[in-house]
Each structure stands twice: as C-alpha cells, then as structure tokens.
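These notes are about the structure you will find just below.
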Amino acid sequence: MAVQLDARPPVAPAHRTPRTARAARLSRFDTRYSPYLYIAPFFLLFGVFGIYPLMYTFWVSLHDWDLLGAEHPFIGLDNYTPLLADPDFWHAVVNTLGIFVISTVPQLLLALWLANLLNRRLRARTTWRMAVLIPNVTSTAAVAIVFAVLFGRDFGMINWLLDLVGVDAIDWKANRFAAWTAISAMVDWRWTGYNALIFLAAMQAIPRDLYESASIDGAGRSRQFWSITVPLLKPTIVFAVIISTIGGLQLFTEPRLFNSGTNAIRGGPLRESQTVTMYMFENAFAPHYNFGYGSAIAWLLFALIAVVAAGNVLLLRRLGGGVRKEDD
Amino acid sequence: MATFTRRHLAAVALVATTALLGTAACGGGDDKSADDGPVTLTVDVFGQFGYDELYKEYMASHPDVKIVERGTGSNLDEYSPKLTQWLAAGKGAGDIVAIEEGLLVEYKANPQNFVNLLDHGAADLKGNFLEWKWNQGLTADGKQLIGLGTDVGGMAMCYRKDLFAKAGLPTDRDAVSKLWPTWQDYIKVGEQFKAKNTGAAFLDAATNTFNTILLQSAGNAQGYSYYDTGNNLVVDSNPAVKQAYDTTMDIIDSGLSGKYGSWSEEWVSAFKQSKFATIACPAWMTGVIEGNAGPGAKGRWDIAQVPGNGGNWGGSFLAVPKQSRHQAEAIELAKFLTSAKGQIGAFKAKGPLPSSPQALEDPAIVDSENAYFSDAPVGKIFATGAKSLKPVYMGPKNQAVRTEVENAVRTVELGQRSPEQGWTDAVNNAEKAAAK
Chain A
1 MAVQLDARPP VAPAHRTPRT ARAARLSRFD TRYSPYLYIA PFFLLFGVFG
51 IYPLMYTFWV SLHDWDLLGA EHPFIGLDNY TPLLADPDFW HAVVNTLGIF
101 VISTVPQLLL ALWLANLLNR RLRARTTWRM AVLIPNVTST AAVAIVFAVL
151 FGRDFGMINW LLDLVGVDAI DWKANRFAAW TAISAMVDWR WTGYNALIFL
201 AAMQAIPRDL YESASIDGAG RSRQFWSITV PLLKPTIVFA VIISTIGGLQ
251 LFTEPRLFNS GTNAIRGGPL RESQTVTMYM FENAFAPHYN FGYGSAIAWL
301 LFALIAVVAA GNVLLLRRLG GGVRKEDD
Chain B
329 MATFTRRHLA AVALVATTAL LGTAACGGGD DKSADDGPVT LTVDVFGQFG
379 YDELYKEYMA SHPDVKIVER GTGSNLDEYS PKLTQWLAAG KGAGDIVAIE
429 EGLLVEYKAN PQNFVNLLDH GAADLKGNFL EWKWNQGLTA DGKQLIGLGT
479 DVGGMAMCYR KDLFAKAGLP TDRDAVSKLW PTWQDYIKVG EQFKAKNTGA
529 AFLDAATNTF NTILLQSAGN AQGYSYYDTG NNLVVDSNPA VKQAYDTTMD
579 IIDSGLSGKY GSWSEEWVSA FKQSKFATIA CPAWMTGVIE GNAGPGAKGR
629 WDIAQVPGNG GNWGGSFLAV PKQSRHQAEA IELAKFLTSA KGQIGAFKAK
679 GPLPSSPQAL EDPAIVDSEN AYFSDAPVGK IFATGAKSLK PVYMGPKNQA
729 VRTEVENAVR TVELGQRSPE QGWTDAVNNA EKAAAK
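Protein sequence lines correspond, in order, to chains A and B. Using this note's numbering, read the first sequence as starting at 1 and increasing by one per residue. Using this note's numbering, read the second sequence as starting at 329 and increasing by one per residue.
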C-alpha cells in the first residue's frame, strides 16, 4: 500500500466560517507534520536504544572507568592509545576476521546454491523452504552447547568419527584453526538457511522470460545461473554480505559457549577463539572491570565493521561492475 | 475519507509514540511499596550453598518473609560479571549476594556498593567466626564490614576407590593418606597408578592441583601468593609461587593429568565416565563431585588427607547490596544463614565447611559422615584442620592475575608451551593483567 503523503486536503468551500477555517488549519497541519509522526516511533526507539548507548559508550571510553568505582576521571584518548598497541586485542581481531571469512564465504555460496535448488519445481516446496529456516529458529545457546559437545576433545562425536577413519583426535579448543572451523560450522548451521530464503525471494523476482529466451539461445542451467541469476541478485548479495559482516564481526554467543569452564571468556588457553566482543567483555567485566577500556574496544569494533562492510561493498561492485551499469 | 483516515492514523501514531515514551520513562517505576505485605528476599548464589532447608525454617518462623534463591549451580565465572553489572547499574542484585573470597578483594575496594554490616549490630557477631575469616570481610581501614563469612575451604584429596583397586593400590582412606605425605610422594603414587593402564588419568587437571599446592605452600610460608601484603605483585619473586609451579610441572611431566579443563563440559563428563582417579578437594568440592559424578558413583569415592600440609582454598561471604530495598530484613536473614546453626545446616546439605569455630566444634559437624563418599568422616577430615587454617592474603587484582598464571599452567599441560615459556608467560601476563 502506497500512502500518498503530499496529497492536498479537500478544498474548503468559498464562504469561510470560523469553523471551516479551523478545520482547514488542522488539515494543513496534518498534511505537513503527521508524516513525521508516523516515522517518529522508529526514530525514538533508535534514539533511545541506538544513538544514546553509542554516544554514552564513547563518553565512557574517554574516562578511566572502573565499573564498580565511584570516581571516573577523564583521561581523553588514554584508553585508545594502549589499546592500539595491545597484542591481545589484535589477536582477537585476527580471530574474528578469520572466523568471519571461513564462515561467511562458504555460507553465502551454500545459500546461493540452496536457493537455486529451492527455486526449481519441487514437490512440497513450501515444506522445504520452511525446513531450511529451522536451524535459525533454534536458540543459539542450544546450538552452541550441542556443537561444543560434538567438538569435544575426549568425548566428542567428531573426534570419534575421525578416529574411525584413522585420524588422530583434534583438540578443537586448543588449536586456533580447528577452533575457528568448529565455530564457523556453528554459524553456518544457523545462518545458511536464512540467507538462502533471502536469495530465493530475490530470485523469484527475476522475470522468467529471461530464462526462457536464454534456453532458446541454448544456455544450460549453470550458464543461466551464472549469467542471469547471480548478476541480477547482486543487490541482494550486497545486502546479505553487509548483514553477515555485521553479525560475523560481532560474534559472541557461539565462541563464548563453545569454550566452557574456567575463563571461557578468554576463548581457550592461548585465546584461540576469542573474538573482539569476547575481549571487550573480558575487559569491561570480569576479571578486569575496566569499563572505559571495554568501551574503547567497542568503538574500535564499530570502526572495524564499517571498514570491512565498505570494503566488501566495493569489492562486490568491482566484481560485478560490468554487468549491471544502471545499478551503480 | 482519505483525510479522515490519515488523521486517524496520525492519532494512532501519536498514541503509540506517547505510550512508548511513557513505558520508557517508567520502566523502573513498577516497584511496590516495601512497607506492607510479605517481603520477598532474593538471595544470589553460585554453585551449591545448601540453604534450601534453612530457607524453609526461616520462612516458617518469619511468615512475612518469602525467600527466593537465584543462580544455584551456576559457575562462578558466570555469576561474578552479572553481580558486577547489577552493582554498577544500581539495580538487579538480590537482597543478599554471595561473594567468593577471591573476588571479595575487588568489591572491598568499592565498599560504597554495600551496606556496612557494622552499622547493623554485626560487631557482636565477631566471635562467631574464625578471626581471619572475620577480618577478610572488613575493608582495609577496618571501618566497614562488607560480608559475613559462610564457609572456608579446608583441603583434602578425593579419590576413586574402584580405580585405586584396579591399579592395585590400597583403598582404605588411612592407608591412602599414608601413601602421600608430600606432593612428590603423590607423584610417585600417580606413576604407579599410570603404569597399570586403568584407562583413567590420575588427576583431573593440573590447574586445580596447582592452585591447591600454591595456597598450601603460601599459607605455610609468607601467608600471601601473587601479591604481598603491601599489594606489590610478587609472582616472580615469591618462592611459593615458583615452587607450586615447579611441582605442577613435575606432575605434568609424569603424564598424570587428564587435561580436562576445570569446570568445562569435558571435566563434567570425565566425572561421569570415571576418567580420573583423584582430585584436589577443598570441602566445598565434595558437593561439586557429587553433583557431577551423579548418584551412580555413590560409594566409589572416598576422601584422604591432602599431600603436603593443610591449606585453604575458597570460601565465601554473604553481603547486602545498598540497592536492596529490604536491607533490614536481608541483614537478619544473612545473620541467620551465617550463624553457627546456619553453617551446620549448609554443611549437612552440600558440604561447605563452616567458618564458625562453634560450628566446627559442634558434634553435628565433628561426627558427621558423608554417605556419598563411602561414609568418610568428613567432620574429622575437614573440621580438625580448619581451626588451624592459615589464610592467604589476596591483593587487588588477584582474580585477573590468578587467571593468567593458571592459564600458563594450562598451556604447558596441553603441550602448547614448554615449562620455561609457560613461566615467562605467567610472569609477563600477570604483570599486564595487574596493570589493567
């Protein structure tokens, strides 16, 4: 439904009584200001739960802010300077980016493939389409706990299977790359179906006659997919990449619950799978209670996400640059 | 018509917006007056405090009080950040909160978050607690009492009789105690055990054992571990720390550890699957073992003397946050729970060893046996040494420093670092953590 916001009010009759004049004024007021009122709830919510915490976090990051302390002296950028030289922070950044790459790339490719399958004529199509969403509606905590058990060193099923084919047990939590892989598996399990549905929706908007004329020209299914589907899906892929970037760089629940026991927030004895959000938590809360430092980490993470998201968009534009000029 | 609809919509939007602002504004204002009607007291704990029966008794004698416990069975690592957030936000904490001794230092540095129990007649209770336990609850200037002591962590060694029998070792607790007067003897027993290939490791995790040895040797020597009493970080200069580290390295070298990271999922599974034979056992650990190993292992566990001599690990306090709206009632309940009677009740339920000298002498404690641990005379084992326990002083960032050192031990245990590298890491990371 399209609401025509600039519609003029009904024209008042020529003889103006005070009453109709008032009605006209009200009507003019309505036309001019009520649109703002319609959108106000979103901006109010965004202000209260988005802008305000963001600014408050910045304010905190400029102070020496012991979470429990009564005094919070202003220290300017003194939280940021040591942070930029903090090897544990950069270690966490590398972990986060590593997990992001090995989870997002296969995830989006897999989602694209799934969406393509679901876009065909299938029996019980709706059932299949709904089924891919089931991992997404499962609680993250439940998924993480089950995966943590699957990837257990001594009693995990994955190691048991590896043992059957003669591969030595892997200590999934104390090996950096193994930990990244296990966490990526968790993320992909949850989000592949969701992205597949988004791609599917976009695929259904592609006119069928394009495919028909392509097959008349003799293009096979895979040629059609790469030359029609993927290029026309580009805006949706950009959307999915940005959403995955934001989610991937803020990854917390999966790695946190993957590591259990004492100091799980460190993400393993050598911080094998500690993401930036976990490092933020470790500093802002137990055991350091340094809220200022934690807030500075939050702001650097914000900057990192902005940079990575912008980089992804540029990369995608470059890749598909020649295909759809009107999009740019 | 179109105008009418739009105006209608505008009205709806206006109402919605107002409602939103209204809700936001009074999000915190839904509290009922505290003066009339029954009072609900919330008690925040971690692990097992064993208060259920005591609550029932208290509620029966105080019909106007209702008690709700939160966090039972939770991990200290999950509990402490939550508590800190509640205190920082000035909202959300229970009327009584449990604080573990290692974390108490951090909370004591900011006493304004808690009710001063000395203002509420707690001074009269001083004689009800071991002297050092009472002093731990006081701020540095001695003017504010943050918490009343609950338990102390007298030390023993819990072991699996069935696994010992399988390895041809004695199973009787007195005979087992005689096997290991020192930690080096303990390692020798471990090597014998290992040679028999029972399919189980000798101990659960090097970190637990390290912590036990450290608190023991520090208690017996200087009385401090990572920080000296002047709050200087002494990780690299305190011989007790290095000595505990070296002994732990010997244990790791001999391949005795099952490497189950303490409190992890694997650790819990390893209890269930009988994957290790001994675990360093402060009194409160008996409840944890029973919970993890489950009813199926009843009678397979027993308790012997700890190698070395004595030592204290852990123990907690009950505090009343200033944000509580039922301070008076909460203080009364905290006094009840930490009284000799309350401590005896908790000990019987879940095993935390009383910090009250009267309770420690009470026949109910001295003669008590633990059915789960093959009727081991827990009263004698733990209570006898408890009054002579030597406390270990803890400095300002004790928790953060301890985390770093234990992690270094863990990296060596997992073969990620050599003992020398591990020690360097421990010292460097501890310094970094202390400076944060």
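C-beta: ideal position from N, C-alpha, C; glycine also.
For Ala451(B), the nearest beta carbon of chain A is not closer than 8 Å to its own beta carbon. Chain-ordered listing is empty here: chain B has no CB closer than 8 Å to the CB of Tyr56(A), the nearest sitting near 13 Å.
Annotation: Ser592(B) to Asn259(A) spans about 8 Å, alpha carbon to alpha carbon.
Nearest CB-CB separation between Leu68(A) and chain B: below the 8 Å threshold. In summary, the residues of the segment 129 to 156 of chain A whose CB is separated from some CB of chain B by less than 9 Å are Ile145, Ala148, Val149, Gly152, Arg153, Asp154, Phe155 and Gly156, in the order they occur in the chain.
Around Tyr435(B), the beta-carbon contacts reaching into chain A at under 8 Å are Leu68. Excluding sequence positions up to five before and after Lys725(B), its CB lies within less than 7 Å of the CB of Ala761 and Ala762, all in the same chain and listed in chain order. With contact defined as three or more Cβ pairs closer than 8 Å, the segment 690 to 698 of chain B and the segment 498 to 507 of chain B are not in contact.
Contact check for Glu594(B) against Gly152(A) passes: the beta carbons are separated by less than 8 Å. Beta-bridge pairing by DSSP links Ala484(B) to Cys609(B). Residue contact with chain A for Asp392(B): absent (no Cβ-Cβ distance below 8 Å to any residue of chain A).
Sixteen is the threshold: when 16 or more other Cβ atoms of the shown chains lie within 10 Å of the Cβ of Arg730(B), as they do, the residue is buried. Shortest Cα-Cα distance from Lys764(B) to any of Tyr293(A), Leu301(A) and Leu316(A) involves Tyr293(A). Asn463(B) is not a Cβ neighbour of Asn548(B), given a cutoff of 8 Å.
For Arg256(A) and Glu272(A), the gap between their C-alpha atoms comes out near 12 Å. For Tyr80(A), the closest C-alpha among the options Leu319(A), Leu316(A), Leu315(A) and Phe291(A) is that of Phe291(A). For Thr537(B), there is no enclosing beta strand (DSSP E); the enclosing alpha helix (DSSP H) has its first and last residue at Ala534 to Asn548. Annotation for Ser222(A): the continuous alpha helix (DSSP H) segment containing it runs Arg221 to Gln224. Two segments are said to touch when three or more pairs of C-beta atoms, one from each, lie closer than 8 Å; by this definition the segment 433 to 443 of chain B does not touch the segment 571 to 585 of chain B. In the three-state DSSP reduction, Gly624(B) falls in the helix class (H, G or I).
Under the Cβ distance rule, Arg738(B) counts among the residues neighbouring chain A, one pair being separated by less than 8 Å. The beta carbon of Trp591(B) sits closer than 8 Å to some beta carbon of chain A. For Trp65(A), the three-state secondary structure derived from DSSP is coil. Buried is the label assigned to Pro719(B), since at least 16 other Cβ atoms lie within 10 Å of its Cβ.
Residues Leu458, Trp460, Val480, Gly482, Gly547, Gly638, Gly639 and Asn640 of the same chain have their beta carbon placed closer than 8 Å to that of Leu717(B), with the five preceding and five following residues left out of the count. Looking at the DSSP output, Gly477(B) bridges to Phe645(B). Contact check for Phe645(B) and Gly465(B): beta-carbon distance about 6 Å, within the 8 Å limit, so the pair qualifies. Contact annotation: in the segment 276 to 287 of chain A, residues whose CB is within less than 8 Å of a CB in chain B are Phe281, Asn283, Phe285, Ala286 and Pro287.
For Glu428(B), the enclosing beta strand (DSSP E) starts and ends at Ile424 to Glu428.
Listed in chain order, the positions of the segment 594 to 612 of chain B with a beta carbon within less than 8 Å of a beta carbon of chain A are Glu594, Trp595, Ser597, Ala598, Gln601 and Lys603.
Against chain B, the CB of Thr262(A) has a partner CB under 8 Å away; the residue lies at that interface. Chain order gives no chain A residues near Asn456(B), where near means a beta carbon separation below 9 Å; the closest approach is about 28 Å. Here Asp630(B) is bridged, per DSSP, to Tyr487(B). Looking at Val596(B), Glu406(B), Arg738(B) and Lys708(B), the one whose alpha-carbon comes closest to that of Gly679(B) is Lys708(B).
Under a criterion of Cβ atoms nearer than 8 Å, the residues of chain A adjacent to Ala728(B) are, in order, Pro287 and His288. Interface residue (Cβ-Cβ distance to chain A less than 8 Å): Ala677(B) is not classified as such.
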